[in-house]
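*Asks:*
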Amino acid sequence: MINCSELIYKVGNKVDLLPTLYYLCTTMSIDERYSIKQSILDYARNYGRIEVPQLVSGLGIKANTARQYLCTLAKENKIARTGNGEYMLTDKQVFSFAPTETLRKLYVGLKEKLPFTDFCIYDGSIFTTLQHHVSVNHAIYVETNRDAVDSVFSLLKDSDMPVYKQPTAKFMYDYVNMHEPCIIVKTFVTESPVNKVNGMVTPTIEKLLVDIQKDEDFDYMQGTEITYMYQTAFDLYTVNTPKMLRYAKRRGAYDSTYSLIEQSQKYDK
């Protein structure tokens with residue numbers, strides 16, 4: 001097959017043939033890109049999880065080329081990243097949370113007053129698809145830097161709904177009515193896996209699955225319910241297990257998280 005360099009050499013200074021040359025090179029480039037992308041997708045179907053070294057040896061392409069195509073296919077939602085340099089076909093949904101206008105206004109308002117502070121904001125509806133026994137949860141969760149928790153609590157305590165700071169499990173059971181709107185302010189763990197939705201920071205599925213083990217205000221979801229939530233998460237969504245385990249280690253929940261993943265029968269040691 002003649003490549004573009006060979007065509008340019010053959011055309012030489014024949015200016016009238018340049019439009020034809022441009023068309024041929026463009027077409028060949030598109031065909032090549034399509035061929036490589038399709039080969040990677042076919043490779044993923046045959047071998048499951050794929051990595052750059054596999055593509056280099058299996059398809060005979062350069063490592064940088066493999067990385068570029070993997071990134072492109074991931075952006076097109078044709079494959080999903082499941083680990084460090086590891087991808088697989090997206091036969092499952094990508095977990096996403098769409099913040100309401102109320103959450104967006106809260107986020108913007110806090111950022112205006114505390115521009116250098118980190119925030120991760122979401123509400124109880126984020127757990128709906130994961131739960132077996134869906135609990136009524138109208139709480140809004142505001143996670144922020146440890147040294148900013150008191151400041152954020154002070155800013156929000158005059159709002160139209162009750163505001164609670166780092167509530168314990170007992171306090172939640174005794175005093176918090178999840179059937180009514182409320183705000184729970186708690187610490188945002190540094191290097192948490194998060195998403196950005198229209199500039200607003202929200203949790204990833206990996207963060208949620210670890211947090212429901214560790215945060216006392218999520219005590220009502222622990223026990224048998226948490227096992228079901230993990231199973232549902234792995235059945236429905238693409239979960240980056242290495243990312244989740246790294247975060248779990250930061251939170252002192254590595255062993256319990258690993259055990260729950262194993263119970264979900266979706267992760268090979």
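Letter by letter, the sequence shown follows residues 1 to 269 in the working numbering. Beta carbons are placed, not taken as given, at the ideal position from N, Cα and C, and that holds for glycine.
#1: For residue 71, which option in 124, 176, 175 and 52 has the closest C-alpha, if you only look at C-alpha atoms?
#2: What number of angstroms, rounded off, separates the C-alpha of residue 92 from the C-alpha of residue 80?
#3: Considering only the alpha carbon of each residue, which of 160, 96, 145 and 213 lies closest to residue 189?
#4: Of all the alpha helix (DSSP H) runs that stay within the bounds of the stretch 184-249, which reach a length of 4 or more residues?
#5: Taking the alpha-carbon of residue 192 as reference, which of 154, 234, 173 and 247 has the nearest alpha-carbon?
#6: Are residue 138 and residue 112 closer than 9 Å when you measure CB to CB?
#7: The alpha helix (DSSP H) spanning residue 172 covers which residue range?
#8: Look at the alpha carbon of residue 152 and the alpha carbon of residue 244, and state the distance between them as a whole number of angstroms.
#9: Work out the CA separation of residue 230 and residue 45 for me, nearest whole Å.
#10: Take every Cβ of the stretch 106-123, pair it with every Cβ of the stretch 200-214, and state whether three or more of those distances are shorter than 8 Å.
#11: Sort 228, 186, 84 and 242 by Cα distance to residue 216 and report the nearest one.
#12: Measuring alpha carbon to alpha carbon, tell me which residue in 165, 98, 150 and 196 is nearest residue 183.
#13: Measuring alpha carbon to alpha carbon, tell me which of 59, 64 and 90 ends up nearest residue 74.
#14: Starting from the C-beta of residue 239, find all residues in its chain whose C-beta is less than 7 Å away, skip the five residues before and the five after it, and write them out in chain order.
#15: Look up residue 146 in the DSSP assignment and say whether it is helix, strand or coil.
#16: Just the Cα atoms here: how many angstroms apart are residue 213 and residue 59?
#17: With C-beta atoms as the reference, is residue 198 less than 9 Å away from residue 115?
#18: Span of the beta strand (DSSP E) holding residue 66?
#19: Buried or exposed for residue 253, going by 16 or more other Cβ atoms inside 10 Å?
*Replies:* According to the structure shown:
#1: For residue 71, the nearest C-alpha among the options comes from 52.
#2: Answer to the nearest angstrom: the Cα atoms are 9 Å apart.
#3: Nearest of 160, 96, 145 and 213 to residue 189, Cα basis: 145.
#4: Within the stretch 184-249, the complete alpha helix (DSSP H) segments of 4 residues or longer fall at 205-214 and 224-236, listed in chain order.
#5: Of the listed residues, the one whose Cα sits closest to residue 192 is 247.
#6: No, these two residues do not count as a Cβ contact at 9 Å.
#7: Judged by DSSP secondary structure, residue 172 falls within the alpha helix (DSSP H) whose first and last residues are 169-175.
#8: Approximately 28 Å between the Cα atoms of the pair.
#9: Separation of residue 45 and residue 230 (C-alpha to C-alpha, rounded to the nearest whole angstrom) is 25 Å.
#10: Under the 8 Å Cβ criterion, the stretch 106-123 counts as touching the stretch 200-214, having at least three qualifying pairs.
#11: Closest option to residue 216, Cα to Cα, is 186.
#12: Considering only alpha carbons, the answer is 165.
#13: Closest option to residue 74, judged by alpha-carbon separation, among 59, 64 and 90: 90.
#14: Closer than 7 Å at the Cβ level, and outside the excluded window around residue 239, lie 205, 206 and 233.
#15: Three-state result, residue 146: helix.
#16: The alpha-carbon atoms of residue 213 and residue 59 are separated by roughly 42 Å.
#17: In this structure, residue 115 does not lie closer than 9 Å to residue 198 by Cβ.
#18: Premise fails: residue 66 lies in the alpha helix (DSSP H), 63-75, not in any beta strand (DSSP E).
#19: Per the 10 Å Cβ criterion, buried.
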